[in-house]
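Participant: First the structure, then my questions, so here it is.
Number of protein chains: 4
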Amino acid sequence: MKNKIRKIVEDNTSRKGKLFDFFIQALILSSLVAFAIETLPNNSNQTIELLNIFEIICVVIFTIEYSLRIYVAKKPFKYIFSFYGIIDFLAIFPFYLTRAYDLRALRAFRVFRIFRTLKLVRYNKALNRFHIAANIVKEEIILFLIITSIFIFLASTGIYYFENEAQPEIFTSVIHSGWWAVVTLTTVGYGDVYPITVGGKIFTFFILLIGVGIVTIPAGLVASALSKAREIENQSN
Amino acid sequence: MKNKIRKIVEDNTSRKGKLFDFFIQALILSSLVAFAIETLPNNSNQTIELLNIFEIICVVIFTIEYSLRIYVAKKPFKYIFSFYGIIDFLAIFPFYLTRAYDLRALRAFRVFRIFRTLKLVRYNKALNRFHIAANIVKEEIILFLIITSIFIFLASTGIYYFENEAQPEIFTSVIHSGWWAVVTLTTVGYGDVYPITVGGKIFTFFILLIGVGIVTIPAGLVASALSKAREIENQSN
Amino acid sequence: MKNKIRKIVEDNTSRKGKLFDFFIQALILSSLVAFAIETLPNNSNQTIELLNIFEIICVVIFTIEYSLRIYVAKKPFKYIFSFYGIIDFLAIFPFYLTRAYDLRALRAFRVFRIFRTLKLVRYNKALNRFHIAANIVKEEIILFLIITSIFIFLASTGIYYFENEAQPEIFTSVIHSGWWAVVTLTTVGYGDVYPITVGGKIFTFFILLIGVGIVTIPAGLVASALSKAREIENQSN
Amino acid sequence: MKNKIRKIVEDNTSRKGKLFDFFIQALILSSLVAFAIETLPNNSNQTIELLNIFEIICVVIFTIEYSLRIYVAKKPFKYIFSFYGIIDFLAIFPFYLTRAYDLRALRAFRVFRIFRTLKLVRYNKALNRFHIAANIVKEEIILFLIITSIFIFLASTGIYYFENEAQPEIFTSVIHSGWWAVVTLTTVGYGDVYPITVGGKIFTFFILLIGVGIVTIPAGLVASALSKAREIENQSN
Chain A
604 MKNKIRKIVE DNTSRKGKLF DFFIQALILS SLVAFAIETL PNNSNQTIEL LNIFEIICVV
664 IFTIEYSLRI YVAKKPFKYI FSFYGIIDFL AIFPFYLTRA YDLRALRAFR VFRIFRTLKL
724 VRYNKALNRF HIAANIVKEE IILFLIITSI FIFLASTGIY YFENEAQPEI FTSVIHSGWW
784 AVVTLTTVGY GDVYPITVGG KIFTFFILLI GVGIVTIPAG LVASALSKAR EIENQSN
Chain B
604 MKNKIRKIVE DNTSRKGKLF DFFIQALILS SLVAFAIETL PNNSNQTIEL LNIFEIICVV
664 IFTIEYSLRI YVAKKPFKYI FSFYGIIDFL AIFPFYLTRA YDLRALRAFR VFRIFRTLKL
724 VRYNKALNRF HIAANIVKEE IILFLIITSI FIFLASTGIY YFENEAQPEI FTSVIHSGWW
784 AVVTLTTVGY GDVYPITVGG KIFTFFILLI GVGIVTIPAG LVASALSKAR EIENQSN
Chain C
604 MKNKIRKIVE DNTSRKGKLF DFFIQALILS SLVAFAIETL PNNSNQTIEL LNIFEIICVV
664 IFTIEYSLRI YVAKKPFKYI FSFYGIIDFL AIFPFYLTRA YDLRALRAFR VFRIFRTLKL
724 VRYNKALNRF HIAANIVKEE IILFLIITSI FIFLASTGIY YFENEAQPEI FTSVIHSGWW
784 AVVTLTTVGY GDVYPITVGG KIFTFFILLI GVGIVTIPAG LVASALSKAR EIENQSN
Chain D
604 MKNKIRKIVE DNTSRKGKLF DFFIQALILS SLVAFAIETL PNNSNQTIEL LNIFEIICVV
664 IFTIEYSLRI YVAKKPFKYI FSFYGIIDFL AIFPFYLTRA YDLRALRAFR VFRIFRTLKL
724 VRYNKALNRF HIAANIVKEE IILFLIITSI FIFLASTGIY YFENEAQPEI FTSVIHSGWW
784 AVVTLTTVGY GDVYPITVGG KIFTFFILLI GVGIVTIPAG LVASALSKAR EIENQSN
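Residue numbers (this note's numbering), protein chains in the order written: chain A, 604 to 840; chain B, 604 to 840; chain C, 604 to 840; chain D, 604 to 840.
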């Protein structure tokens with residue numbers, strides 16, 4: 604009996620296992636869509652009730668699934684405290700507390716459950732390459748995060764001294780100027796904060812020429828590490 | 604007779620075939636320009652009439668070309684239901700229905716016909732490399748699309764909880780916040796929606812540092828796959 | 604005599620040639636700065652006069668240099684109609700016509716003269732690598748320019764149909780919508796034009812997810828071609 | 604005695620050395636946070652006093668550390684005029700002058716002291732790769748900076764001629780237009796300056812298609828040079 608259930612719940616190479624996975628995956632996506640719709644402000648009472656019923660159905664099924672996974676696991680505690688075990692728990696837990704605290708936002712974390720199926724089926728190899736690539740560039744990425752942080756700090760300090768007098772309400776302090784720094788260096792540029800003094804503009808000019816590169820290099824690093832990972836994979840075959 | 608026409612219509616290594624292709628290509632471009640001009644609001648009656656006459660000429664020629672392509676094709680049905688066959692059909696079909704329904708917008712799809720000539724002449728090799736590159740990075744691109752979707756969903760949910768109270772008309776629901784998420788993560792940053800609360804700004808800070816990289820990695824992947832495809836091509840020569 | 608001048612004007616490995624080149628280069632930069640200052644609206648009469656005198660000095664020296672280059676060239680006509688010959692001519696020519704037509708803007712093209720010195724001295728190898736890289740990715744870049752053009756056209760057409768009714772003054776025609784398309788796809792996002800309808804926003808959502816990659820791939824292609832060019836250079840050494 | 608202190612101050616492979624480094628690093632970070640808080644406009648008197656006391660403690664400890672580093676250095680003058688020696692000096696020097704001049708901004712340079720610890724511990728190899736990569740692409744980066752400068756100059760001149768008449772207060776001169784050029788080419792696009800004439804928009808269209816690539820290529824170059832540096836490192840092992 605236990606083995607039969609395990610085959611359905613844990614193994615997804617069998618036909619029944621695939622169907623089970625597909626059903627759970629579809630339910631996760633539906634419950635995420637329902638969650639998004641629930642936040643709409645002008646839902647009719649009927650819609651709200653429907654969404655509530657659907658959420659109860661989801662939580663019941665997810666709870667059964669969670670119990671089954673504990674039941675069939677060879678080491679139940681290892682599953683409970685694994686990454687996916689915690690995610691599975693967080694997917695149902697907020698519901699049982701909702702009357703006491705408003706933890707509905709935690710339902711959004713159900714999105715992480717989508718990874719589980721990815722992990723098992725087709726994209727196993729690609730995810731493996733991601734793992735290799737992450738190992739290759741880990742140190743560079745951390746270094747770049749530190750350099751980026753230092754750069755954002757210096758940019759914030761600089762612009763604060765140039766713009767604070769002219770726009771005291773926007774560049775109120777070095778901390779407030781950090782908002783400008785990150786929005787500028789990532790080239791988002793909403794237009795809610797920008798320098799207006801000549802000094803501030805010249806400062807921004809140089810910050811941009813140097814900084815934009817620093818922020819975009821990590822993406823290039825990851826891309827080239829991924830193609831390196833593919834080479835390693837091909838050589839080992 | 605059929606062979607002679609085939610040489611002109613299908614073969615574009617011969618001089619006549621090149622001329623025919625060049626003529627059709629020029630007509631496609633002209634008809635696209637005419638289509639764009641037609642949408643201008645203050646066209647004089649004379650201009651409108653001229654554009655109408657030009658459109659009729661285009662459709663007549665395209666219809667003749669389409670008929671000829673069916674006529675000379677060795678397997679007419681295969682052509683009709685091929686990608687280029689459908690594009691060729693869509694290029695003329697809306698005209699004959701225009702009195703009943705307003706399908707003029709479909710004329711914009713004529714732009715795809717430009718690919719046909721590309722395919723045949725000089726860029727054959729380059730297009731082949733694109734094909735190889737697409738096969739190399741297919742899985743990674745799909746994974747990144749999924750990761751990007753998950754990221755956009757989480758960003759939308761997060762910003763909704765931070766900003767909904769302060770700006771209920773902009774961050775009305777998780778779905779409305781999605782517009783902010785995509786405009787921010789692609790670094791477009793129009794400036795129509797941006798966080799104003801301290802919490803929302805700090806959240807955006809971290810979302811940007813992580814997210815901007817995720818969105819730009821696929822472009823780097825395609826670029827490195829294309830240079831890999833070139834190497835493969837060189838080795839097989 | 605002719606040989607001596609040639610050594611100064613054309614050869615810049617000798618000490619005198621280096622000095623001559625450095626002097627001309629400094630004069631070009633100064634004349635560009637003077638040109639920029641000249642466009643300031645509130646220059647005093649004294650400043651304007653000074654800038655005029657400096658411009659006359661520059662043109663006189665550039666004219667002498669141009670004459671010398673023709674004089675020492677082994678094939679004068681080849682020089683006159685070469686890229687650098689035309690740039691050198693355009694650097695002085697507008698001055699002599701300025702009373703008849705206002706061609707002062709052409710003076711900005713003097714900036715291209717800066718390349719000449721680059722070409723000769725230290726960056727010869729790097730420029731050579733650029734040449735190799737350009738040859739490697741020429742076809743891909745052209746293909747991407749065509750794909751980008753098609754994409755911009757389709758984006759313009761799409762947004763026109765979604766937004767024209769809601770914002771007729773901004774999305775007046777397909778041609779006007781092109782401004783939105785290029786500002787969005789390059790992720791500049793000034794914020795002067797953006798969709799406000801639900802349909803337009805969803806359309807922009809998908810256009811951005813696909814389009815941003817297309818626009819940034821060429822930069823990655825050039826970068827990887829340049830590192831390929833370096834490898835080729837190292838192998839041939 | 605001197606050797607014992609040296610082991611703590613300069614060597615950070617020993618346990619005491621690690622502790623000392625960790626303590627100094629934590630103090631630097633805290634003093635940077637304190638500096639940022641100090642710029643907030645509505646600090647209570649109590650907060651200001653606390654921050655002042657903390658700053659005095661920091662400077663005292665940094666001064667002791669600086670003296671110790673001079674004391675244990677084998678060549679004291681070499682240390683004093685080294686990069687890190689100057690940074691260490693700038694971290695304490697402004698405090699002693701603060702009554703005469705307002706040099707508090709210099710305190711932000713303490714951020715560079717963070718590099719010291721990086722240099723010594725885990726990221727030594729990664730920093731070494733950065734050094735190799737910088738050597739590989741030095742020439743290309745300089746060339747691209749020159750090309751970018753030329754491009755920004757030409758873009759500024761062009762937009763000045765198109766927009767000056769329509770928006771004389773924004774595109775006042777070629778120099779003022781430079782602000783537009785850098786904000787546009789780095790794709791920040793705040794939205795404070797943008798073309799409104801048809802000519803200016805068409806000009807921007809072409810500038811963007813070419814220019815965005817030029818500005819993002821250096822980041823790709825650095826990324827591919829870093830992966831090249833990793834290969835070199837692996838081969839030499």
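For every residue, glycine included, the Cβ atom is placed at its ideal position computed from N, Cα and C.
Listed in chain order, which residues of the region 754–782 of chain C have Cβ atoms closer than 7 angstroms to some Cβ of chain B?
Facilitator: Answer set for the region 754–782 of chain C: Phe756, Leu757, Thr760, Tyr763, Tyr764, Thr775, Ser776, Val777, Ile778.
Participant: With a cut-off of 8 angstroms, does the C-beta of Gly688(B) fall near any C-beta of chain A?
Facilitator: Judged by the 8 angstroms Cβ criterion, Gly688(B) is not in contact with chain A.
Participant: Report the rounded CA-to-CA distance for Val791(C) versus Ala828(A), giving the unit in angstroms.
Facilitator: Cα to Cα, Val791(C) sits roughly 28 angstroms from Ala828(A).
Participant: Distance, Cα to Cα, Ile739(D) vs Leu730(B)?
Facilitator: Going by the C-alpha atoms only, they are around 32 angstroms apart.
Participant: Under 7 angstroms Cβ-Cβ, which residues of chain D neighbour Gly596(B)?
Facilitator: The structure shown does not extend to residue 596(B), since chain B is modelled only from 604 to 840, so the question has no answer here.
Participant: Using a Cβ-Cβ cutoff of less than 7 angstroms, which residues in the same chain neighbour Thr789(B) once the five nearest sequence positions on both sides are dropped?
Facilitator: So the list reads Val818, once near-sequence residues are dropped.
Participant: Note down the Cα distance separating Val714(B) from Thr787(D), rounded to an integer number of angstroms.
Facilitator: Going from the Cα of Val714(B) to the Cα of Thr787(D) covers about 29 angstroms.
Participant: Using a Cβ-Cβ cutoff of less than 6 angstroms, which residues in the same chain neighbour Pro798(D) once the five nearest sequence positions on both sides are dropped?
Facilitator: The residues are Glu766, Lys804, Thr807.
Participant: Taking a contact to mean a Cβ-Cβ separation below 8 angstroms, would you say Val801(B) touches Trp783(B) in this structure?
Facilitator: In this structure, Trp783(B) does not lie closer than 8 angstroms to Val801(B) by Cβ.
Participant: For Thr650(B), which residues in chain C fall below 8 angstroms Cβ to Cβ?
Facilitator: Within chain C, no residue comes near Thr650(B); the closest Cβ sits about 13 angstroms away, beyond 8 angstroms.
Participant: Find the nearest neighbour of Leu653(C) within the set Glu641(C), Thr616(C), Thr775(C), judged by alpha-carbon distance.
Facilitator: Nearest C-alpha to Leu653(C): Glu641(C).
Participant: Going straight from the alpha carbon of Phe692(A) to that of Ser830(D), what length do you get?
Facilitator: Near 40 angstroms, if we compare the C-alpha coordinates of Ser830(D) and Phe692(A).
Participant: Within its chain, find whatever has a CB closer than 8 angstroms to the CB of Ile835(D); leave out the 5 residues flanking it on each side and keep chain order.
Facilitator: The answer, listed in chain order, is Ile735.
Participant: Does DSSP classify Gly792(C) as helix, strand or coil?
Facilitator: Gly792(C): coil per DSSP, three-state reduction.
Participant: If you measure between the beta carbons of Leu671(A) and Ile608(A), is that distance less than 8 angstroms?
Facilitator: In this structure, Ile608(A) lies closer than 8 angstroms to Leu671(A) by Cβ.
Participant: How would you write the range of the alpha helix (DSSP H) that Tyr763(C) sits in, first residue to last?
Facilitator: It spans 727–766 - the alpha helix (DSSP H) in which Tyr763(C) sits, taken as one unbroken run.
Participant: Taking the straight line between their C-alpha atoms, what separation do you get for Ala676(B) and Leu622(B)?
Facilitator: Cα to Cα, the separation comes out at about 20 angstroms.
Participant: In chain order, what residues of the region 797–828 of chain B put their CB closer than 8 angstroms to some CB of chain C?
Facilitator: From the region 797–828 of chain B, only Val818, Thr819, Pro821, Ala822, Gly823, Val825, Ala826, Ser827 have a Cβ closer than 8 angstroms to chain C.
Participant: With respect to the alpha helix (DSSP H) encompassing Ser842(D), which residues constitute its N-terminal and C-terminal limits?
Facilitator: Residue coverage of chain D in this structure runs from 604 to 840, which leaves residue 842(D) outside it and unanswerable.
Participant: What is the DSSP secondary structure of Tyr797(D), reduced to helix, strand or coil?
Facilitator: Residue state, collapsed to three classes: coil.
Participant: Between Asn653(A) and chain B, is the shortest Cβ-Cβ distance under 8 angstroms, so that the two count as touching?
Facilitator: Note on identity: in this sequence residue 653(A) is Leu, with Asn being the wrong assignment. By this cut-off, Leu653(A) is not an interface position.
Participant: Please report whether the beta-carbon of Lys831(D) lies at a distance below 8 angstroms from any beta-carbon of chain C.
Facilitator: With 8 angstroms as the cut-off, Lys831(D) counts as an interface residue toward chain C.
Participant: Pull out every residue of the region 613–642 of chain D whose Cβ sits closer than 9 angstroms to any Cβ of chain B, in chain order.
Facilitator: So nothing in the stretch comes that close.
Participant: How would you list, in chain order, the residues of chain C whose beta-carbon sits under 7 angstroms from the beta-carbon of Glu836(D)?
Facilitator: Simply none; closest approach about 16 angstroms.
Participant: Going by other Cβ atoms of all chains shown within 10 Å of its Cβ, with 16 needed for buried, is Val663(B) buried or exposed?
Facilitator: Looking at its Cβ environment, which holds fewer than 16 other Cβ atoms inside 10 Å, Val663(B) is exposed.
Participant: Beta-carbon within less than 8 angstroms of Ala769(B)'s beta-carbon, same chain only, minus the 5 sequence neighbours each way: which residues are those?
Facilitator: Correct list, in chain order: Ile799, Thr800, Gly803.
Participant: Pick from Ile611(B), Ser776(B), Ser839(B): whose alpha carbon is nearest that of Ala637(A)?
Facilitator: Here the closest residue by C-alpha is Ser776(B).
Participant: Entirely within the region 644–682 of chain B and at least 4 residues each: give me those alpha helix (DSSP H) ranges in chain order.
Facilitator: Listed in chain order, the complete alpha helix (DSSP H) runs (minimum 4 residues) inside the region 644–682 of chain B are 648–675.
Participant: Going by CA-CA distance only, name the one from Leu643(B), Ser647(B), Ala639(B), Phe665(B) that's closest to Phe626(B).
Facilitator: For Phe626(B), the nearest C-alpha among the options comes from Phe665(B).
Participant: How would you list, in chain order, the residues of chain D whose beta-carbon sits under 8 angstroms from the beta-carbon of Thr790(B)?
Facilitator: Neighbours of Thr790(B) on chain D, chain order: Thr790.
Participant: Taking only three categories from DSSP, how would you classify Ser839(C)?
Facilitator: Note: Ser839(C) maps to helix in three-state DSSP.
Participant: If distances are taken between C-alpha atoms only, which option among Ala832(B), Gly688(B), Ile750(B) comes closest to Gly816(B)?
Facilitator: Of the candidates Ala832(B), Gly688(B), Ile750(B), the one whose C-alpha sits nearest the C-alpha of Gly816(B) is Ile750(B).
Participant: Give the secondary structure of Pro821(C) by DSSP, where H, G and I count as helix, E and B as strand, and everything else as coil.
Facilitator: If DSSP states are grouped into helix, strand and coil, Pro821(C) belongs with the helices.
Participant: Please report the residue range of the alpha helix (DSSP H) in which Ser633(C) lies.
Facilitator: 618–641 is the span of the alpha helix (DSSP H), which, as asked, contains Ser633(C).
Participant: Which residue's Cα is closest to the Cα of Ile753(D): Phe696(C), Ser759(C), Ala694(C), Phe718(C)?
Facilitator: Closest option to Ile753(D), Cα to Cα, is Phe718(C).
Participant: Report the rounded CA-to-CA distance for Tyr682(D) versus Ile667(D), giving the unit in angstroms.
Facilitator: Taking the straight line from one Cα to the other gives about 15 angstroms.
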